[in-house]
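Step one of this worksheet: look at the structure below.
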Amino acid sequence: MSQVKELLFLHEFNTPCHLAILAESVGLKVRVLKSTAEVIQANKNAESFCLVPQKGMPLDSKGMPLAIAKLIGEMSIAIYQAERGRLAEEQAIVLGIQGILYSDLGMDLLLTGLKKMLNNELWYDRKLLSNTLQNLVKKIQPEIEHSINEESLAMWQMLTFREKTIIKLVASGARNKEIAYRLCISEHTVKAHISSIFRKTQSRNRVELLRWSNNYQAQFV
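Counting from 1 along the sequence shown, just add 883 to a position and that's the residue number in the working numbering.
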């Protein structure tokens, strides 16, 4: 188990909270509260895990309980009593919701999901997690590529004309002796240049330098 010491169930109705009763029956410490203000107050030691119902609660356009907006920065949160098809699961993942417990799950799965989340694991379908990650990567890919291109350009601008020439020769397969002959310099000087090139391109050897060269060959003109 994680450091969570108490489960807080937001339950604004006069009917029994069956999931809280189930959790308590297996030895988990639970408390059922009727408002977000009570939940926040109960979490004063920041050692609680809150479960917010979807059923019967005011929802946003994504099917997310509005109460979550007040609690998300305060503690770990999961959604329970959720109805399939009425909740944007990917949005829940992005918001940092630990998991979703659907109303149609059996007791065994409800307890398994609850225990997984208390151990800081996410409780979502694996395919959904994979698709969400792929979509996030697609969204930030242009920023990553822009950052890489800027870094590469900075490296390229740090190189001297002679170092750029040597990179081209190394990329063509020339060894130190051949490079020295073609540039009319000593092998010792070639080694010094290559050492400087490694440092400026953050390469540890010729293989990494060639990889760097191939990745950004459009700049080697």
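Quick reminder that beta carbons are idealized off the backbone N, C-alpha and C, glycines included.
The model shown is predicted, which means the values in this text are computed figures rather than measured ones.
Which term fits ILE960, buried or exposed, when burial requires 16 or more other beta carbons within 10 angstroms of its beta carbon? Classification for ILE960: buried.
Which whole-angstrom value is the C-beta distance of GLN1040 and TRP1006, which I expect to be below 8 Å? About 49 Å separates the two Cβ atoms, so there is no contact after all.
So, using beta-carbon positions, are ILE983 and ALA971 closer together than 8 Å? Result no, Cβ atoms of ILE983 and ALA971 do not sit closer than 8 Å.
Looking only at its chain, what residues have a beta carbon closer than 7 Å to the beta carbon of THR1084, apart from the 5 residues adjacent to it on each side? Closer than 7 Å at Cβ, skipping near neighbours: MET1038, LEU1092 and TRP1095.
So CYS933 and LEU891 are in contact, right, with Cβ under 8 Å, and what is the actual spacing, rounded? CYS933 to LEU891, Cβ: 5 Å. Contact.
DSSP on ALA903, reduced to helix/strand/coil? Looking at ALA903 - three-state DSSP - the assignment turns out to be helix.
Considering only their Cβ atoms, is the gap separating ALA906 from VAL913 smaller than 8 Å? Against a cut-off of 8 Å, the Cβ pair of ALA906 and VAL913 comes out as a contact.
For ALA950, which three-state DSSP category applies? Here ALA950 sits in coil by DSSP.
I need the straight-line Cα distance from PRO948 to ALA920, nearest angstrom please. Approximately 15 Å, taken between the alpha carbons.
Option nearest LEU956 by Cα separation, candidates SER944, LEU978, ALA965 and GLU973: One point to set straight first is that residue 956 is Gly, not Leu, in the sequence displayed. Ranking the options by Cα distance to GLY956, first place goes to LEU978.
Collapsed DSSP secondary structure at VAL913 in the structure displayed: Three-state result, VAL913: strand.
Roughly how many angstroms lie between the CA atoms of MET958 and ILE951, to the nearest whole one? Their Cα atoms are separated by approximately 10 Å.
Going by beta carbon distance, what residues of the same chain come within less than 6 Å of LYS999, once the five residues before and after it are set aside? If we look at LYS999 and ignore the five residues flanking it on each side, its Cβ neighbours are TRP1006.
Identify the continuous alpha helix (DSSP H) that holds PHE1081 and give its terminal residues. It spans 1070-1084 - the alpha helix (DSSP H) in which PHE1081 sits, taken as one unbroken run.
Quick check on GLY996: does DSSP put it in helix, strand or coil? Three-state result, GLY996: helix.
Per-residue burial, PRO941 [other beta carbons within 10 Å of its own, 16 or more giving buried]: Per the 10 Å Cβ criterion, exposed.
For a test of the three-state rule: what should DSSP assign to PHE932, helix, strand or coil? Strand.
GLN924 and ALA965 look like a contact to me (Cβ under 8 Å); what is the Cβ gap, rounded to whole Å? That pair is no contact at about 25 Å.
Are there 16 or more other CB atoms within 10 angstroms of the CB of SER1013, so buried, or fewer, so exposed? Around the beta carbon of SER1013, fewer than 16 other beta carbons lie within 10 angstroms, which makes this residue exposed.
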